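Q: Taken in order, these protein sequences are the chains called A, B and C.
Throughout the first sequence, residue numbering follows this note's numbering, covering 35 to 295 in sequence.
Throughout the second sequence, residue numbering follows this note's numbering, covering 2 to 247 in sequence.
Throughout the third sequence, residue numbering follows this note's numbering, covering 16 to 279 in sequence.
Cβ coordinates follow ideal geometry from the N, Cα and C atoms, glycine included.
From a predicted model like this one, the values you see are computed outputs, not experimental measurements.
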Amino acid sequence: MAGMSDASVLVRGLRRNALMLALVIAWEVAARLHITTDFLLPAFSTVMRRLALDVGSGQLPLALAYTLYRALAGFAIAGLSGVAIGILVARVKVARWFFDPLVSVGLPMPKIAFLPVFVLWFGVFDESKILMVAFSAIFPVIVEAAAATESVDRILIWSARGLGTSERRLLWEIALPAAFPQIMTGLQVALPISLIVAVLTEMAMGGEGLGGTMMQSMRFADSPGVFAGIIAIAVAGSALVKGMEIIRRRLLVWHAEAEAA
Amino acid sequence: MSALKRYFPILLLGLLWEIAPRLHLIDPESVPPLSTVAVAWWNLLRSGDLASNGLSSLQNLVAGLALGVVVGTALGVLMAWYKPLDELVHPVVRALYPMPKSALIPVMILWLGLGSASKIASIFIGCLLPVVLSAYNGARGVDRVLVWSALAAGATRRAVLWEVVVPSALPEILAGTRNALALSFILLVSSEFVIGQRGLGYLISFLGEGGAYDAMFAGVLTVATVGFLADRIYLAIMRRALAWRE
Amino acid sequence: MSGGISFDSVSHTYRPARGRAVLALDRVSLAVREREFLALLGPSGCGKSTLLYLLGGFMPVETGRISVGGEPVTGPGPDRGIVFQNFALFPWKTVKQNILYGLEKQKLPRPEREKRAQEFIDLVHLTGFEDSYPSQLSGGMKQRVAIARTLAIDPAILLMDEPFGALDAQTRGLMHEELLGIMEHRPKTVVFVTHDVREAVYLADRVAVMSARPGRIKEIVEIGHNGRPAPEVVKSSEFIDKVDYLWDSVRKEALLAQSQKSDG
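1) Around the C-beta of A:V233, are 16 or more other C-beta atoms found within 10 angstroms, so that it is buried, or is it exposed?
2) C:P229: which of C:K157, C:A54 and C:A269 sits nearest, CA to CA?
3) Does DSSP classify C:R213 as helix, strand or coil?
4) Measure the CB-CB distance between C:Q100 and C:D41 and report whether it falls below 8 Å.
5) Indicate whether at least one CB of chain B lies closer than 8 Å to the CB of C:K120.
6) Measuring CA to CA, which of C:M74, C:K63 and C:F102 is closest to C:G89?
7) Would you mind working out which of C:S264, C:E247, C:V236 and C:Y260 sits nearest C:L45, comparing C-alpha positions?
8) Following the continuous alpha helix (DSSP H) through B:Y83, name the residue where it begins and the one where it ends.
9) Within 8 Å of any Cβ in chain B, is that where the Cβ of C:I20 sits?
10) Report the rounded CA-to-CA distance for B:A21 versus B:I27, giving the unit in angstroms.
11) Specify the secondary structure class of C:G279 as computed by DSSP and reduced to three states.
12) What residues in its chain sit with their C-beta under 7 Å from that of A:I267, if we drop five residues either side in the sequence?
13) Can you check which of these residues, C:S226, C:P244 and C:N241, is closest to C:D263 by C-alpha distance?
14) Where DSSP assigns a beta bridge to C:I172, which residues make up the other side?
15) Any chance the stretch 172-184 of chain B sits against the stretch 67-87 of chain B, with 3 or more Cβ pairs inside 8 Å?
16) In terms of residue numbering, what span does the beta strand (DSSP E) encompassing C:V25 cover?
17) Assuming the contact rule is C-beta atoms closer than 8 Å, A:A112 and A:A182 should be a hit. Round their C-beta distance to whole Å, please.
18) Can you list the alpha helix (DSSP H) stretches of 4 or more residues lying completely in the stretch 92-165 of chain A, in chain order?
19) Along chain B, which residues have their Cβ under 8 Å away from the Cβ of C:I168?
20) Can you grab the Cα-Cα spacing for the pair B:A136 / A:A194, in whole Å?
21) Alpha carbon to alpha carbon, how far is A:P174 from A:L221? Give it in angstroms, no decimals.
22) Scan the stretch 75-137 of chain C and note each continuous alpha helix (DSSP H) run of 4 residues or more that stays entirely inside, going in chain order.
23) Run down chain B in chain order and give the residues with a C-beta less than 8 Å from the C-beta of C:A103.
24) Express the C-alpha separation of A:M248 and A:V260 in angstroms, rounding to a whole number.
25) When DSSP builds the beta bridges, which residues end up paired with A:R11?
26) Tell me which same chain residues have a C-beta within less than 7 Å of the C-beta of C:N113, skipping the five on either side of it?
27) For the stretch 8-30 of chain B, which residues have a CB atom closer than 7 Å to at least one CB atom of chain A, in sequence order?
28) Counting only the same chain and skipping the five closest in sequence on each side, list residues whose C-beta sits under 6 Å from that of B:A64.
29) Pick out the complete alpha helix (DSSP H) segments inside the stretch 104-156 of chain B, 4 residues or longer, and give them in chain order.
30) Suppose you measure from the CA of A:Y103 to the CA of B:S103; what does that come to, to the nearest Å?
31) Tell me whether the stretch 114-128 of chain A and the stretch 203-216 of chain B touch, counting them as touching only if at least three CB pairs, one residue from each stretch, are closer than 8 Å.
32) Report the neighbours of C:E131 on chain B: residues whose CB is nearer than 9 Å to its CB, in chain order.
33) Given a limit of 9 Å on CB to CB distance, which residues of the stretch 133-162 of chain A reach chain B?
34) Are A:V137 and A:V89 touching if we call contact CB-CB under 8 Å?
35) From the DSSP output, in three-state form, read off C:D220 for me.
36) B:Y203: buried (16+ other C-beta within 10 angstroms of its C-beta) or exposed?
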């Protein structure tokens, strides 16, 4: 297809997102024609305007900051301790003996059910939310980190040992870099979980995060507020996932090249 | 027997849970000894609270999950089979996928009120996309020579969809449903926290607010155990269904 | 030629989702007599499988015409059974269920279906394995199931796409005898794609050599067996000469194909 004109790119983009656009247009039309009440489905334009308002007033950025703080703090705790535990499980027999049943039982459990326990232990403010996030997100990290460390190419290790590398250097300079891609994958799974759980805890407990403000809007039958909240969370979620992908690509430049070779 | 060996550390933790609060190594207010939790569990069972709330949770879970799996599988398979449908729907799916479905709970409440309907709807929406994607991938991955063999044997295109594509996609569909199962528990409990009225999630938060911590722990462990067992049972069923794979 | 197959100036272009379109077949014309065993021989990429798939009706014929018994081919059907290299068995069905599949499509009554399925299981010497799953069978056994499944619906034409390519040499030899034995009982028109010259000369009545891409019929060689070939025929000078000749012919095309690849 020589010479892709701007028009043809536009047309292709339109065709690909045809349903999406149609839905958005239908949404706007339905609201304008009052087919559905303003309460049930506020107009797309209304929601957009509300979004702009909240962003401008600083209300939305503040709520977003709270939610992100909780999500990322929990994610950091889960990430660091999860990787540490995972590596330990792969290398130390006792650690594996102890953690394996815990992780295998904990993985399929709805960990959100423990929220009231965390509230009992840590109160109703940020701490309980952050720890709830960490508790939910840590399991996939442990699993991937353990699997990654275990599967590090034995040949790699033997060659390094053969060259006289000490055990500690072995860990830091050979094993960890080799395990890194899969560990990264575990972190990429944990990140959306962190956001979801942060929002969920806010919805259940209130507070100034996005989850809390959404529940407030709902209670006041402020549907534009609720929809604006959804869009904000969706955008935040996408941004975090995309950000993670970029970080992964940057950090694993050598990996991609090795895979291509 | 090997299961017992494997889960032994959990038994040890259980023992610790009993001894430590009693010896005041941990605050027994925050962590009631395991035996008092067990007693509280028994009382919940006898009073009928566990059963009635459990039933409500079960009904909502099954309804939401079943709907999500059936609709999701149908949509995913049809998208893989009919290109126009795929072109239409796929961008929407891809756009909606990264959004945390739990964020839709307030919208469901807005639309369906505080009751079972919004709980079921939240579960349905949460489970839908993962099932759609795994059904889609499974159906797309069908080996074309299987489809051709069926056609050469005299099957119509529609028969091929049912008789070749779906069974071929079954491993992926079952894997996706396993994820949906885990998600459905999460959405059930969260929607019960938020919406209340009935259900094990509601029961747990009610007990917590009322200060009945041993009963609260009993409730939490019940939900956690049911979630775990559901996954294990599902795994066993899945292995049976895929026995032909060896 | 009531049951024969005819290809009239058939061309086919591959249009991949990404990349350039490639002419796979260039005005192929060929006639296959009824009850004839025709081998399609050629280097990889010459389009012989494509020709088979077009005959099978799995891909639409864009240019030219393929007719069976005078009627043009419009889609797949039970009159043209197909056997693939990777067996294409339904892994979730047992041996018996696989073979029953086509019979169910034929809408035969149940007792009749069961009888025929058992007949063909016995025919390919898989008695006792009715309830086994494909994952439990060896390559040779799987191919026998595939053949049984296709033969059970009694197609007039049998299409075979390098059916023994995935088998080891010993098994392949056994399968040759098995196939010839079946053909003795129920003769059919067979179009057999292979890149193995000796296999082609041993099994076929005629061998059509295809050129490197874009595929054309380079030449057709009569093998002229009198009835079923005996295994010793491979030592005869006639056989060896024919194999040498065809080997050479195919080799020239293979070298051409090789140079095509390096040109990109």
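A: Based on what the coordinates show:
1) buried
2) C:A269
3) helix
4) no
5) yes
6) The sequence as given places Thr at residue 89 of chain C; Gly does not occur at that position. For C:T89, the nearest C-alpha among the options comes from C:M74.
7) C:V236
8) It is not in any alpha helix (DSSP H) - B:Y83 carries neither H nor E in the DSSP assignment.
9) no
10) 6 Å
11) A caution first: C:G279 carries a pLDDT of 47, below 50, which makes its placement in the model unreliable, though a value can still be read off. Reduced to three states, the DSSP call for C:G279 is coil.
12) V233 and L244
13) C:S226
14) C:R95 and C:T204
15) yes
16) I20 to Y29
17) With a Cβ gap of about 16 Å, A:A112 and A:A182 do not count as contacting.
18) 93-125, 127-140 and 149-156
19) A154 and G155
20) 44 Å
21) 8 Å
22) 110-120
23) D144, V146, L147, W149 and S150
24) 5 Å
25) Past the edges of chain A, shown from 35 to 295, lies residue 11 of chain A, and the structure says nothing about it.
26) L104, F105, V160 and R164
27) Y8, P10 and I11
28) I121
29) 106-113, 117-141 and 145-153
30) 18 Å
31) no
32) Note on residue identity: the sequence assigns Arg, not Glu, to residue 131 of chain C. What C:R131 touches in chain B: nothing, since even the nearest Cβ is about 13 Å away.
33) F133, D134, P135, L136, S138, V139, G140, L141, P142, M143, P144, K145, I146, A147, F148, L149, P150, V151, V153, L154 and W155
34) no
35) coil
36) buried
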